[in-house]
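One structure is given here, and the rest of the page talks about it.
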Amino acid sequence: MSDMILLASLVEKGNHIETAKVTRELLDQGVNPNQILYEGLQKGLLTLGERFKRNEAYIPEVLLSARAMKTGMEILKPFLVRNESEPKARVVLGTVKNDLHDIGKNMVGMMLENAGFIVFDLGINVPEEKFLSALRKEEAPLLGMSALLSTTMPELKRVIELLKKEGIRDKVKVLVGGAPVTEKYAMDIEADGYAPDAIRAAEKAAELIDGKK
Numbered sequence: 083m084s085d086m087i088l089l090a091s092l093v094e095k096g097n098h099i100e101t102a103k104v105t106r107e108l109l110d111q112g113v114n115p116n117q118i119l120y121e122g123l124q125k126g127l128l129t130l131g132e133r134f135k136r137n138e139a140y141i142p143e144v145l146l147s148a149r150a151m152k153t154g155m156e157i158l159k160p161f162l163v164r165n166e167s168e169p170k171a172r173v174v175l176g177t178v179k180n181d182l183h184d185i186g187k188n189m190v191g192m193m194l195e196n197a198g199f200i201v202f203d204l205g206i207n208v209p210e211e212k213f214l215s216a217l218r219k220e221e222a223p224l225l226g227m228s229a230l231l232s233t234t235m236p237e238l239k240r241v242i243e244l245l246k247k248e249g250i251r252d253k254v255k256v257l258v259g260g261a262p263v264t265e266k267y268a269m270d271i272e273a274d275g276y277a278p279d280a281i282r283a284a285e286k287a288a289e290l291i292d293g294k295k
């Protein structure tokens, strides 16, 4: 097994300790950092992502794999030359007001970072005004919101309505998700996109930003 195939396999299995070790070894050997990223780290996560879509892998495995990739990324970051074709955008992320769930949001944040986005994670229980303030401060073209309870789902719409009221709705793409949220609900509240899981959230975010460009 080549070192690159081994690295991809380690990420797929979620072994963050060995992922870090092999990433350092490849750098010491003079392997191109972008090659390590795309042929090793990213390939492992994407392989698991495909298994997840086929219901052959589950959320705990995705979390472990994302952590392994993030560990490798932290080692690589100082050496990386970004591929200009990568989506580059600022993203404001958060769980809506009165909702204290963050596992799904954290997964989305990791996936977005791994896809080349700059993520500003506001955390949980985020009021509408805080989303608005962060979007203005960071000049972010994308907002990602999650609601994990049926009782907090209306907060998604309240944020979108506030963006309209403040005159910045046309400048921001809104991506929503969470256990009770559906694609139909996303359309009803006039969100720009919906994703049922973290992997597809990163894919949808890239689509929205590419479309905006």
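Residue numbers 83 to 295, in the working numbering, belong to the letters of the sequence shown in order. Backbone N, C-alpha and C define an ideal beta-carbon position, used for all residues, glycine too. Note that the structure is a prediction, hence the values are computed from the model and not measured.
Expressed to the nearest angstrom, what Euclidean distance is found between the alpha-carbon atoms of residue i and residue j?
{"i": "Pro142", "j": "Ala222", "result": "30 Å"}
{"i": "Asp252", "j": "Lys246", "result": "8 Å"}
{"i": "Asp274", "j": "Asn97", "result": "35 Å"}
{"i": "Glu237", "j": "Gly126", "result": "36 Å"}
{"i": "Lys152", "j": "Ser232", "result": "31 Å"}
{"i": "Gly259", "j": "Gly131", "result": "17 Å"}
{"i": "Met235", "j": "Phe213", "result": "15 Å"}
{"i": "Ile271", "j": "Gly191", "result": "23 Å"}
{"i": "Val303", "j": "Leu217", "result": "With the chain running from 83 to 295 in the structure shown, residue 303 is simply not present."}
{"i": "Ser91", "j": "Thr264", "result": "33 Å"}
{"i": "Pro115", "j": "Met193", "result": "19 Å"}
{"i": "Lys104", "j": "Thr129", "result": "The sequence as given places Val at residue 104; Lys does not occur at that position. C-alpha separation (whole angstroms): 18 Å."}
May I ask you to report which of helix, strand or coil DSSP gives residue i?
{"i": "Ser228", "result": "strand"}
{"i": "Pro169", "result": "Only weak support exists for where Pro169 lies, its pLDDT of 49 falling under 50; the value from the coordinates is given anyway. Coil at Pro169, not helix or strand."}
{"i": "Ile200", "result": "strand"}
{"i": "Lys152", "result": "helix"}
{"i": "Asn89", "result": "Asn is not the amino acid found at residue 89; the sequence shown has Leu there. Helix."}
{"i": "Lys187", "result": "helix"}
{"i": "Val178", "result": "strand"}
{"i": "Leu257", "result": "strand"}
{"i": "Met120", "result": "The amino acid occupying residue 120 in the given sequence is Tyr; Met does not appear at that position. Tyr120 falls in the helix class under three-state DSSP."}
{"i": "Val208", "result": "strand"}
{"i": "Gly275", "result": "strand"}
{"i": "Thr233", "result": "coil"}
Cβ of residue i within 8 Å of Cβ of residue j?
{"i": "Gly198", "j": "Ala283", "result": "no"}
{"i": "Met155", "j": "Asn188", "result": "no"}
{"i": "Leu123", "j": "Val93", "result": "yes"}
{"i": "Asp181", "j": "Ile206", "result": "yes"}
{"i": "Leu230", "j": "His183", "result": "yes"}
Let me check understanding here. Comparing Cα to Cα, which of the options lies closest to residue i?
{"i": "Ile291", "options": "Glu265, Gly260, Asp279, Val256", "result": "Val256"}
{"i": "Glu211", "options": "His183, Asn114, Ile242", "result": "Ile242"}
{"i": "Phe161", "options": "Ala280, Ile118, Glu272", "result": "Ile118"}
{"i": "Pro262", "options": "Thr101, Ala277, Glu248", "result": "Ala277"}
{"i": "Ala150", "options": "Gly293, Leu224, Ala102, Leu109", "result": "Ala102"}
{"i": "Ile185", "options": "Pro209, Ser228, Lys219, Glu100", "result": "Ser228"}
{"i": "Tyr267", "options": "Ala280, Leu244, Lys239, Phe134", "result": "Lys239"}
Is it true that the stretch 200 to 216 meets the stretch 168 to 177, where meeting means three or more beta-carbon pairs spaced less than 8 Å apart? yes
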